[in-house]
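Visitor: Have a look at this one before I ask anything.
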Amino acid sequence: MKATITKLPLTHMERIGIIGDVHAEHRRLETALRVLKDEQVDVVLCTGDLADGRGDLDA
5 MKATITKLPL
15 THMERIGIIG
25 DVHAEHRRLE
35 TALRVLKDEQ
45 VDVVLCTGDL
55 ADGRGDLDA
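So for the sequence shown, this note's numbering puts the first residue at 5; every next one is plus one.
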């Protein structure tokens, strides 16, 4: 999956979804994104710690 960065004027962002500390919990991420979609947020911000890799028990 490739991240897309889009710059929008702040006037277009009324509902902001924030996620973070996912730590490769794919099912929980999918659930969170589904909830945010259902809530019709305008933008989703990730505070970090999404990636698999060193330190991930499933990597």
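Every residue, glycine too, gets a C-beta built ideally from N, C-alpha and C. Model, not experiment: these values are computed from the prediction.
With respect to the alpha helix (DSSP H) encompassing Leu-40, which residues constitute its N-terminal and C-terminal limits?
Guide: One-based indexing of the sequence shown puts residue 40 at position 36. Element bounds for Leu-40: 30-42.
Visitor: So Ile-20 and Val-39 are supposed to be a Cβ contact under 8 Å. How far apart are they, rounded?
Guide: For this step, residue 20 is matched to residue 16 along the sequence shown. For this step, residue 39 is matched to residue 35 along the sequence shown. 14 Å between Cβ atoms; not a contact.
Visitor: Please name the residue in His-27, Leu-37, Leu-33, Ala-28 whose C-alpha comes closest to that of Val-47.
Guide: Walking along the sequence shown from the start, residue 47 turns up at place 43. Comparing Cα positions, the closest option is Leu-37.
Visitor: In angstroms with no decimal places, state the Cα-to-Cα distance between Arg-32 and Val-26.
Guide: Here residue 32 refers to the residue found at position 28 when the sequence shown is read from its first residue. Here residue 26 refers to the residue found at position 22 when the sequence shown is read from its first residue. Whole-angstrom Cα-Cα distance: 8 Å.
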